[in-house]
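One structure is given below, encoded as structure tokens.
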Amino acid sequence: MRETKYWTWHIAAGAVILILLALHMVIMHLDNILGLLNPSGGDAIAWANVLARSRMVFFVVVYVLLLGAALYHGLYGLRTILFELGPKPPLQKMINVVFWIGGIGLFALGTGAAIAAKML
Amino acid sequence: MAVSKHYPNRLGILGWLLGGRWGIERYMYTLHRVTGLGILFYFLLHIFVTSARAFGPEAWATAMAAVHHPIFKFGEFLVFAAFAIHAANGIRLVAIELGWAVGKAEEPIYPYRTSLNIQRPLLIAMMILAAIVIFFGGLDFLSLAQAADLPH
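What follows is the structure, encoded as structure tokens:
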């Protein structure tokens, strides 16, 4: 049952990513065509645009949600690939522990950066 | 995820390509995994690089200068393309997983209909969608390269 729950979360995280990453891609990689949400104009990664987006609560929430969903979806996907190779139960347990610790650590790093950038 | 105790995965990663002669959906399975791993690798680096914004404009400029080389821009385009393929194929997989693209059970009357009658056109439609997104993303990357006077 627990694996079914993990799988359901994997699909749900994929749906969240589909919406939020599509928004991120439109802003960052279709900026020369659409120019959305880049208040200073020009390049989407120009500091003025990065600062403007970082100060918006909407983007802080989007970044944190996307970070969590993408970490879960990506690490669960990699875990599935590794488990299919048939590791013994102790190694499976170690993979679970490393992925949980690594995932939570990266989530803390990304969330901390999003909050710190909001304060700039 | 079910774990098989009786049938060990003898081919391992090689089974992604050498598992036998399959329909195109089997190769989409491989492509889905390859694009997923590529996106994950980029994403983990992306967290570190973009966290530099928390330390102000100088740190951001340094981080962006470190990934300014054309090879990184091309790599970014590959990740963008991988995202388009992974997302479009993911929509197809979820539609099948939830039964939306399987079709209703019905009496088998000749000419027989299979779930492939729905799934194959869905696959083609999703890949056309991915190709359109990649095309416009490519235009954006080209205009970015021209603006930065990068070789492309």
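These protein sequence lines are chains F and Z, in that order. At the far end of the first sequence sits residue 229, using my numbering, and the numbering has no gaps. At the far end of the second sequence sits residue 671, using my numbering, and the numbering has no gaps. Don't be surprised by glycine CBs; every beta carbon is placed ideally from N, CA and C.
Rounded Cβ spacing between residue i and residue j (contact assumed at less than 8 Å)
i, j, result
"residue 604/Z", "residue 550/Z", "6 Å"
"residue 181/F", "residue 122/F", "5 Å"
"residue 573/Z", "residue 225/F", "4 Å"
"residue 175/F", "residue 139/F", "Not confirmed; about 17 Å, so no contact."
"residue 608/Z", "residue 193/F", "With a Cβ gap of about 18 Å, residue 608/Z and residue 193/F do not count as contacting."
"residue 149/F", "residue 157/F", "4 Å"
"residue 478/Z", "residue 615/Z", "Absent from the model: residue 478/Z. The displayed extent of chain Z is 520 to 671, so no value can be given."
"residue 222/F", "residue 570/Z", "4 Å"
Neighbouring residues, chain Z, relative to residue i (Cβ below 8 Å)
i, result
"residue 150/F", "Per Cβ cutoff of 8 Å: no residues; residue 150/F is ~12 Å from chain Z at best."
"residue 179/F", "562"
"residue 156/F", "576, 579, 580"
"residue 214/F", "Those do not exist, as residue 214/F stays about 10 Å from chain Z at its closest Cβ, beyond 8 Å."
"residue 268/F", "Outside the modelled stretch of chain F, which goes from 110 to 229, sits residue 268/F, for which no answer is possible."
Beta-carbon neighbours of residue i, restricted to chain F and to distances below 8 Å
i, result
"residue 544/Z", "Those within 8 Å of residue 544/Z in chain F number zero; the least Cβ separation is about 18 Å."
"residue 527/Z", "195"
"residue 639/Z", "Ordered by position in chain F, no residue passes the 8 Å Cβ test against residue 639/Z, which lies about 22 Å from the chain."
"residue 650/Z", "Residues of chain F passing the Cβ test: none, with the nearest at roughly 15 Å."
"residue 540/Z", "None at all; the shortest Cβ gap to chain F is about 21 Å."
Closest Cα partner of residue i within the set the options
i, options, result
"residue 661/Z", "608/Z, 593/Z, 613/Z", "593/Z"
"residue 228/F", "165/F, 150/F, 111/F, 118/F", "165/F"
"residue 646/Z", "531/Z, 544/Z, 636/Z, 529/Z", "544/Z"
"residue 548/Z", "650/Z, 606/Z, 590/Z, 575/Z", "606/Z"
"residue 613/Z", "210/F, 113/F, 117/F", "117/F"
"residue 220/F", "177/F, 208/F, 189/F, 190/F", "177/F"
"residue 161/F", "619/Z, 568/Z, 576/Z", "576/Z"
"residue 168/F", "207/F, 211/F, 119/F, 136/F", "136/F"
"residue 595/Z", "558/Z, 553/Z, 631/Z, 571/Z", "558/Z"
"residue 208/F", "563/Z, 630/Z, 654/Z", "563/Z"
"residue 542/Z", "642/Z, 587/Z, 653/Z, 554/Z", "642/Z"
"residue 531/Z", "222/F, 205/F, 191/F", "191/F"
"residue 115/F", "189/F, 128/F, 153/F, 159/F", "189/F"
"residue 635/Z", "619/Z, 533/Z, 649/Z, 648/Z", "619/Z"
"residue 526/Z", "133/F, 205/F, 155/F, 195/F", "195/F"
"residue 556/Z", "179/F, 204/F, 206/F", "179/F"
Within chain F, partners of residue i - CB distance below 9 Å
i, result
"residue 611/Z", "Under the 9 Å cutoff, chain F gives no residues; its nearest Cβ is about 12 Å from residue 611/Z."
"residue 620/Z", "None at all; the shortest Cβ gap to chain F is about 14 Å."
Closer than 7 Å at the beta carbon, the chain F residues around residue i
i, result
"residue 572/Z", "159, 163, 222, 226"
"residue 626/Z", "Residues of chain F passing the Cβ test: none, with the nearest at roughly 32 Å."
"residue 646/Z", "Correct list: empty, because the minimum Cβ distance to chain F is about 16 Å."
"residue 583/Z", "154"
"residue 531/Z", "194"
"residue 552/Z", "190"
Neighbour list for residue i in chain Z, Cβ cutoff strictly below 7 Å
i, result
"residue 191/F", "None at all; the shortest Cβ gap to chain Z is about 10 Å."
"residue 134/F", "599, 602"
"residue 71/F", "Chain F is shown from 110 up to 229; residue 71/F falls before or after that span and cannot be answered."
"residue 174/F", "Correct list: empty, because the minimum Cβ distance to chain Z is about 14 Å."
Residue-level contact to chain B via CB, residue i, 8 Å cutoff
i, result
"residue 566/Z", "No chain B appears in this structure, whose protein chains are F and Z."
Chain-ordered neighbours of residue i on chain Z, where CB pairs are closer than 9 Å
i, result
"residue 200/F", "Simply none; closest approach about 13 Å."
"residue 187/F", "555, 556, 559"
Touching by the beta-carbon criterion (3+ pairs, under 8 Å), the stretch 577 to 596 of chain Z and the stretch 617 to 631 of chain Z: Result no; under three Cβ-Cβ pairs closer than 8 Å.
Three-pair Cβ contact test at 8 Å for the stretch 652 to 660 of chain Z versus the stretch 594 to 601 of chain Z: yes
Any 3 or more C-beta pairs closer than 8 Å across the stretch 198 to 206 of chain F and the stretch 529 to 544 of chain Z: no
Touch test, the stretch 177 to 193 of chain F against the stretch 207 to 221 of chain F, Cβ-Cβ under 8 Å, three pairs minimum: yes
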